[in-house]
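Chemist: Numbering (our numbering), first residue to last: 1460 to 1536.
Positions of the beta carbon are idealized from the N, C-alpha and C atoms, including for glycine.
Okay, handing you the structure first.
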Amino acid sequence: SFELYENGIMGELYICPDDISKNATMLRHSFENELLEIIIHGMLHLSGYDHSDEMFHWQKVLTDRILGEYENFSRTR
């Protein structure tokens, strides 16, 4: 993530699919789960968080919530 704060834009996230795939394999996550975690991680950085217990707590809370909502949505279809 790269902070910008120009014209109402918080910044940019750059994502490397190859790294996501490698991390997912190493952590035994799906590609989609790892991608979601990386996006949330980057958004937290853009929101002002540095690596801390609090940041990783929110990363887990948000990831779990989004995945839970997705599972609920998938079951109703």
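Taking all protein chains shown into account, decide if LEU1463 is buried (16 or more other Cβ within 10 angstroms of its Cβ) or exposed.
Modeler: Along the sequence shown, read from residue 1 onward, the residue named residue 1463 stands at position 4. Exposed: under 16 other Cβ atoms inside 10 Å.
Chemist: What residues are listed by DSSP as bridge partners for GLY1470?
Modeler: Numbered from 1 along the sequence shown, position 11 holds the residue referred to as residue 1470. The partner list for GLY1470 (beta bridge, DSSP) reads GLU1462.
Chemist: Identify, in the order they occur along the chain, each residue of the same chain with its Cβ nearer than 7 Å to the Cβ of GLN1518, setting aside the five sequence neighbours on each side.
Modeler: For the purposes of this step, residue 1518 is taken as residue 59 along the sequence shown, with counting starting at 1. Only GLU1496, ILE1499, HIS1500, LEU1503 meet the Cβ criterion.
Chemist: Determine, using beta carbons only, whether ARG1524 comes closer than 8 Å to chain C.
Modeler: In the displayed structure, chain C is absent; only one protein chain is listed.
Chemist: If you draw a straight line from the alpha carbon of GLU1493 to that of GLU1513, how long is it in whole angstroms?
Modeler: Numbered from 1 along the sequence shown, position 34 holds the residue referred to as residue 1493. Numbered from 1 along the sequence shown, position 54 holds the residue referred to as residue 1513. One C-alpha to the other measures close to 19 Å.
Chemist: Between PHE1490 and the rest of its own chain, which residues show a CB-CB distance below 7 Å, the 5 nearest in sequence each way excluded?
Modeler: Counted from its first residue, the sequence shown places residue 1490 at position 31. If we look at PHE1490 and ignore the five residues flanking it on each side, its Cβ neighbours are ILE1479, SER1480, ALA1483.
Chemist: Quick one: what does DSSP say SER1506 is sitting in, helix, strand or coil?
Modeler: Position 47 of the sequence shown, counted from the start, is the residue given in the question as residue 1506. Three-state result, SER1506: coil.
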